[in-house]
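Trainee: Mind having a look at this structure? Questions to follow.
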Amino acid sequence: EAGVAQSPRYKIIEKRQSVAFWCNPISGHATLYWYQQILGQGPKLLIQFQNNGVVDDSQLPKDRFSAERLKGVDSTLKIQPAKLEDSAVYLCASSRGTSTNEKLFFGSGTQLSVL
Amino acid sequence: AQTVTQSQPEMSVQEAETVTLSCTYDTSESNYYLFWYKQPPSRQMILVIRQEAYKQQNATENRFSVNFQKAAKSFSLKISDSQLGDTAMYFCAFMKHVSNQFYFGTGTSLTVIP
């Protein structure tokens, strides 16, 4: 079974530039999560999708961050414009979304450096 | 958002010894799930163990076991016979039932000393 795929693995940009991350969840997984993990901290939930609907985006900085999940499969997370404090690892995860025997499967993350 | 607290930022243990990592959480939910995930330097999040809140029996997975105290909202991880490969960040996590909203604690950095 293929895992959660994320790209790119690394990204370096200057502040005020734009950046986009891509995630392909495990086939058949209805729920998709984006997390921001700043060095030395636990992952912070940015947004959770159930199919192509948003379940929770309460911690997403909506003035600069946006995310979409077209057709309930792949997802992209965009930052525009980036700030220095956005430097972090962005993790994508997916789960079946059935509420029984649930667990999250994670991608390898995208490490973003904003200079 | 739910609150998950790990009060031990760093811990160390001698190889082959036992170590316990602490976790507390705050919720008004009656049904939920609790997890411990391991994150080695590769950044890959790996599921260690999972507990369903409605089950009184503590979960075990080989050398890993939990002490789940629902009334106290406590969920500690015990690692027996520690191995060098156990060196990693360990995150306690909480998942709401039905909505599957999922929240992490701040993490505990565990070092196994040869």
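So the protein sequences, as listed, match chains U and A. According to our numbering, the stretch in the first sequence is residues 40 to 154, in order. According to our numbering, the stretch in the second sequence is residues 4 to 117, in order. Here a beta-carbon is modelled for each residue, glycine too, at the ideal position from N, C-alpha and C. Being a predicted model, the structure only gives us computed values, none of them experimental.
Starting from the Cα of Pro100/U, find the closest Cα among Leu154/U, Asp113/U, Lys110/U and Glu124/U and give me that residue.
Mentor: Taking the first residue of the first sequence as 1, we reach residue 100/U at position 61. Of the candidates Leu154/U, Asp113/U, Lys110/U and Glu124/U, the one whose C-alpha sits nearest the C-alpha of Pro100/U is Glu124/U.
Trainee: Just to confirm my understanding: we take Asn112/A, look at its own chain, exclude 5 residues before and 5 after, and list those with CB closer than 6 Å. What are they?
Mentor: As a first step, residue 112/A must be located in the second sequence, where it is residue number 109. The residue asked about is misnamed: residue 112/A is Ser in this sequence, not Asn. These residues qualify, in order along the chain: Glu13 and Met92.
Trainee: Please report the straight-line C-alpha distance between Val93/U and Tyr129/U, rounded to a whole angstrom.
Mentor: Translated into positions along the first sequence, residue 93/U becomes position 54. Translated into positions along the first sequence, residue 129/U becomes position 90. So the two alpha carbons sit approximately 18 Å from each other.
Trainee: So Gln87/U contacts chain A; which residues on that side make the cut at Cβ distance below 7 Å?
Mentor: As a working note, residue 87/U is residue 48 in the first sequence. Here the neighbours are Gln104.
Trainee: Could one say the Cβ of Phe67/A lies closer than 9 Å to chain U's Cβ atoms, at least one of them?
Mentor: Sequence index remark: in the second sequence, residue 67/A carries index 64 (1-based). Not closer than 9 Å to any Cβ of chain U, the Cβ of Phe67/A fails to qualify, so no.
Trainee: Do Phe38/A and Leu143/U have their C-beta atoms within less than 9 Å of each other?
Mentor: On the second sequence, position 35 is the one that residue 38/A refers to. On the first sequence, position 104 is the one that residue 143/U refers to. Their beta carbons are under 9 Å apart, which means Phe38/A touches Leu143/U by this criterion.
Trainee: Go ahead and label Ile49/A buried or exposed: buried means 16 or more other beta carbons lie within 10 angstroms of its beta carbon, across all protein chains shown.
Mentor: Stepping through the second sequence from its first residue, residue 49/A is reached at position 46. Exposed, since its Cβ has fewer than 16 Cβ neighbours within 10 Å.
Trainee: Could you have a look at Lys54/U and say whether DSSP puts it in helix, strand or coil?
Mentor: Stepping through the first sequence from its first residue, residue 54/U is reached at position 15. Coil, per DSSP.
Trainee: Run the CB neighbour count on Val43/U, radius 10 Å, all protein chains shown included, and call it buried at 16 or more, exposed below.
Mentor: The residue given as residue 43/U occupies position 4 in the first sequence. Counting Cβ neighbours within 10 Å, Val43/U comes out buried, since at least 16 surround it.
Trainee: Give a yes or no on whether the minimum CB-CB distance between Gly110/A and chain U is below 9 Å.
Mentor: Looking up residue 110/A in the second sequence gives position 107. At least one chain U Cβ lies under 9 Å of Gly110/A.
Trainee: Which residues in chain A have a C-beta closer than 8 Å to the C-beta of Tyr72/U? List them in chain order.
Mentor: What you label residue 72/U is simply residue 33 of the first sequence in a count that begins at 1. Here the neighbours are Phe105.
Trainee: Would you mind telling me which residues of chain A sit closer than 9 Å to Leu194/U, beta carbon to beta carbon, in chain order?
Mentor: With chain U running from 40 to 154 in the structure shown, residue 194/U is simply not present.
Trainee: Compare the C-beta of Glu141/U with all C-beta atoms of chain A and state if any pair is closer than 9 Å.
Mentor: Locating residue 141/U in the first sequence gives position 102, counting from the first residue. By this cut-off, Glu141/U is an interface position.
Trainee: In whole angstroms, what is the alpha-carbon distance linking Pro117/A and Val22/A?
Mentor: Walking along the second sequence from the start, residue 117/A turns up at place 114. Walking along the second sequence from the start, residue 22/A turns up at place 19. Answer to the nearest angstrom: the Cα atoms are 14 Å apart.
Trainee: Check the Cβ of Gly136/U against every Cβ in chain A and list those closer than 7 Å, keeping chain order.
Mentor: One-based indexing of the first sequence puts residue 136/U at position 97. In chain order: Asn103.
Trainee: Measuring alpha carbon to alpha carbon, tell me which residue in Gln89/U, Ala127/U and Asp102/U is nearest Asp119/U.
Mentor: Looking up residue 119/U in the first sequence gives position 80. The amino acid at residue 119/U is misidentified as Asp; the sequence shows Gln. When each option's Cα is compared against that of Gln119/U, the closest is Asp102/U.
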